[in-house]
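These notes are about the structure you will find just below.
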Amino acid sequence: GNSVTQMEGPVTLSEEAFLTINCTYTATGYPSLFWYVQYPGEGLQLLLKATKADDKGSNKGFEATYRKETTSFHLEKGSVQVSDSAVYFCALSRGGADGLTFGKGTHLIIQP
Amino acid sequence: DAGVIQSPRHEVTEMGQEVTLRCKPISGHDYLFWYRQTMMRGLELLIYFNNNVPIDDSGMPEDRFSAKMPNASFSTLKIQPSEPRDSAVYFCASTEALPSGANVLTFGAGSRLTVL
Chain D
3 GNSVTQMEGP
13 VTLSEEAFLT
23 INCTYTATGY
33 PSLFWYVQYP
43 GEGLQLLLKA
53 TKADDKGSNK
63 GFEATYRKET
73 TSFHLEKGSV
83 QVSDSAVYFC
93 ALSRGGADGL
103 TFGKGTHLII
113 QP
Chain A
2 DAGVIQSPRH
12 EVTEMGQEVT
22 LRCKPISGHD
32 YLFWYRQTMM
42 RGLELLIYFN
52 NNVPIDDSGM
62 PEDRFSAKMP
72 NASFSTLKIQ
82 PSEPRDSAVY
92 FCASTEALPS
102 GANVLTFGAG
112 SRLTVL
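Protein chains in written order, with our numbering: chain D, 3 to 114; chain A, 2 to 117.
This is the structure in structure tokens:
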């Protein structure tokens, strides 16, 4: 079946540090890949997505590249801010009517 | 559009009581999903609907859980009787059917359930 594995948290960084959150997946076919972010007390929001191999999704300074050869979709940001503190979820969809398969989430804490 | 609307935002109840969670999807979205979020298990898909019809309920944990979608603008998730292990945040999400299959779900703010 489908599965998503992402690094455990919490991840604690200082402001302006470089961020990488690792995500690998297992799926049949060619899934679409997503990063969602959940701020405290809120629902999940789409951060970025990629629908085919070598696509790069980007938004708000975050980037992730769909790597089919390594089945990965790592999230990166060059300089994090306190406001980036949240829980980040990697997810995949095989398309059609399927819902998303989520990783367990990585809690990111940015200290001033 | 106001987005996906869930109610109540918080519910505290006692074991054995019936709990009903409600969701209003975004107008025009043909798919509606119910997820449960816990620290131990993360986000779990419980059930999803297409055009008000339940398509896959394999994630519903037990017969105590049931979900309905009587029309395109309303869905309920019911737990009867509730148990302490049902304590979680329940999310509703909706999406339109995209030809590319890259389903972008829009989530509600969630309903936090505490069963004492």
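C-beta atoms are modelled at their ideal positions from N, C-alpha and C, and glycine is treated no differently.
Since the model is a prediction, treat every value here as computed from it, not as a measurement.
Of all alpha-carbon atoms in D:D57, D:T26, D:A52, the one lying nearest the alpha-carbon of A:N104 is that of D:A52.
Take A:F92, set aside five residues on each side of it, and the residues of its chain with a beta-carbon closer than 7 Å to its own are Y36, Q38, F108, G109, G111, in chain order.
For A:A110, there is no enclosing beta strand (DSSP E), as DSSP marks it with neither H nor E.
For a Cβ distance threshold of 7 Å, nothing in chain D lies close to A:A89: the least Cβ distance comes to about 14 Å. Around the C-beta of A:D64, fewer than 16 other C-beta atoms lie within 10 Å, and the residue is accordingly described as exposed. The stretch 58-76 of chain A makes no contact with the stretch 81-94 of chain D: fewer than 3 CB pairs, one atom from each, lie closer than 8 Å. Runs of the beta strand (DSSP E) lying entirely within the stretch 25-93 of chain D, each at least 3 residues long, are 25-28, 34-40, 46-52, 58-61, 64-67, 77-79 in chain order. Here DSSP, grouped into helix, strand and coil, assigns A:R23 to strand.
Closer than 8 Å to the CB of D:K62 there is not a single CB belonging to chain A. By the rule that beta-carbons nearer than 8 Å mark a contact, D:E10 does not touch chain A. In this structure, D:C92 lies away from D:Q40, with their beta-carbon atoms at least 8 Å apart. For the pair D:L110 and D:V6, the CB atoms are not nearer than the 8 Å cut-off. Runs of the alpha helix (DSSP H) lying entirely within the stretch 29-111 of chain A and spanning at least 4 residues: none are present. A contact is defined here as three or more CB-CB pairs under 8 Å, and the stretch 60-69 of chain D meets this definition with respect to the stretch 44-51 of chain D.
Contact between A:P26 and A:S95 holds, with the beta-carbon distance rounding to 3 Å and staying under 8 Å. The count of Cβ pairs closer than 8 Å, one atom from the stretch 66-81 of chain D and one from the stretch 14-26 of chain D, reaches three, so the stretches are in contact. For D:L21, the enclosing beta strand (DSSP E) starts and ends at 21-23. Cβ contact annotation for A:N53 (same chain, cutoff 8 Å, sequence separation greater than five): M70, P71, N72, A73, in chain order.
D:L102 and D:S95 have their C-alpha atoms spaced approximately 5 Å apart.
Of the candidates D:L46, D:T22, D:G3, D:T22 places its Cα closest to the Cα of D:F75. Shown here for D:E10: same chain residues with a beta carbon closer than 8 Å to its own, the five before and five after excluded, namely K106, T108 in chain order. Against D:K79, chain A offers no close residue; the least beta-carbon distance is about 21 Å (beta-carbon pairs closer than 8 Å).
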